[in-house]
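S.K.: Got a structure here, written out as structure tokens. Questions coming.
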Amino acid sequence: AQRVTQPEKLLSVFKGAPVELKCNYSYSGSPELFWYVQYSRQRLQLLLRHISRESIKGFTADLNKGETSFHLKKPFAQEEDSAMYYCALRVSGANNLFFGTGTRLTVIP
Amino acid sequence: ETGVTQSPTHLIKTRGQQVTLRCSSQSGHNTVSWYQQALGQGPQFIFQYYREEENGRGNFPPRFSGLQFPNYSSELNVNALELDDSALYLCASSLGPGAGELFFGEGSRLTVL
């Protein structure tokens with residue numbers, strides 16, 4: 024069965040420090056992976072997807088099929104990065120996303 | 017461009033009652049998906065509607081049902097409410113059934129007593 028694991032419920036880093044939010048998945052086929060973010064008092068929104076291979080707000084994520092991971096990284100955290108981050112998986116042919124339980128990132132000034 | 021809107025924002029029901037939640041999709045979006053988010057959990061897929069028909073369903077019992085209207089808006093109905101149905105119900109619209117980018121509403125928080 025498909026599963027998305029985000030091992031850290033809470034993560035705190037200092038402003039300017041690197042940040043990595045971990046995401047591991049279980050799926051035997053070719054997945055599509057996404058990161059969604061929810062800032063305070065805002066709705067859940069797409070941050071980035073692996074097929075785009077782009078950097079959004081300084082964040083990048085590389086799909087590692089060997090390690091079945093899709094970790095989200097940013098070299099220098101900013102206070103405005105504080106939010107709830109969800110990793111999500113879509114399997115081939117499916118229309119829905121499987122979400123992880125989320126990681127709350129706090130960037131300390 | 018109008019975003020996804022959901023109503024009501026909060027509601028309280030008792031066990032055994034029925035509830036209807038409503039969602040208006042973002043302008044231009046023809047697909048609506050519903051997710052349940054329990055406290056401390058990620059969103060869990062309930063079902064998706066496309067062309068006014070159910071187009072995929074998660075692991076939810078039949079007492080969870082829905083509708084999509086010609087203007088692409090949608091309803092989620094839950095019958096015979098149980099305590100475990102207490103959650104945030106999120107509606108998300110998209111440009112098509114397989115679109116990876118979902119546009120979420122702010123949710124309807126249901127409390128079942």
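Chains R and S, in that order, give the protein sequences. Just so you know, we're using our numbering here: the first sequence kicks off at 24 and counts up by one. Just so you know, we're using our numbering here: the second sequence kicks off at 17 and counts up by one. Even for Gly, the Cβ is constructed at its ideal location relative to N, Cα and C.
(1) Against chain A, which members of the segment 45–72 of chain R pass a CB distance test of less than 9 Å?
(2) Pick out whichever of 95/S, 84/S, 35/S and 99/S has its Cα sitting closest to the Cα of residue 109/S.
(3) Report the option in 58/S, 74/S, 57/S and 127/S whose CA atom is closest to the CA atom of residue 65/S.
(4) CA-CA distance, residue 98/S and residue 89/R?
(5) Hey, quick one: how far does the beta strand (DSSP E) through residue 61/S stretch, first residue to last?
(6) Which two residues bound the contiguous beta strand (DSSP E) that contains residue 43/R?
(7) With a floor of 3 residues, list each beta strand (DSSP E) that falls wholly inside the segment 21–58 of chain S, ordered by position along the chain.
(8) If distances are taken between C-alpha atoms only, which option among 107/R, 39/R, 57/R and 102/R comes closest to residue 73/R?
(9) What residues in the segment 112–124 of chain R bring their beta carbon closer than 9 Å to a beta carbon of chain S?
(10) Pair every Cβ in the segment 39–53 of chain R with every Cβ in the segment 86–106 of chain R, then say whether three or more of these pairs are closer than 8 Å.
(11) Determine, for residue 117/S, whether the minimum Cβ-Cβ distance to residues of chain R falls below 7 Å.
(12) In chain order, what residues of the same chain have a beta carbon less than 6 Å from the beta carbon of residue 76/S, not counting five sequence neighbours either side?
(13) Along the chain, where does the beta strand (DSSP E) that runs through residue 116/S open and close?
(14) How about residue 57/S: is its C-beta nearer than 7 Å to some C-beta of chain R?
(15) Would you call residue 129/R buried or exposed, if buried means 16 or more other Cβ atoms sit within 10 Å of its Cβ?
(16) Let me know the secondary structure DSSP gives residue 67/R once reduced to three states.
(17) Hey, would you say residue 59/R sits closer than 7 Å to residue 106/R, going by beta carbons?
(18) Three or more beta-carbon pairs under 8 Å between the segment 18–30 of chain S and the segment 67–82 of chain R, yes or no?
(19) For residue 41/R, which residues of its own chain have a beta-carbon under 8 Å away from its beta-carbon, when the five flanking residues on both sides are left out?
(20) Can you say whether residue 101/S is buried or exposed, counting buried as having 16 or more other CB atoms within 10 angstroms of its CB?
(21) In three-state DSSP terms, what is residue 99/S?
M.R.: Let me lay it out:
(1) Of the chains in the structure shown, none is chain A; the protein chains are R and S.
(2) 84/S
(3) 74/S
(4) 42 Å
(5) 60–66
(6) 42–44
(7) 21–23, 26–29, 35–40 and 47–53
(8) 57/R
(9) 113, 116, 117, 118, 119, 120, 121, 122, 123 and 124
(10) yes
(11) yes
(12) 62
(13) Element bounds for residue 116/S: n/a, residue is neither H nor E.
(14) yes
(15) exposed
(16) coil
(17) no
(18) no
(19) 96, 97, 98, 99 and 100
(20) buried
(21) helix
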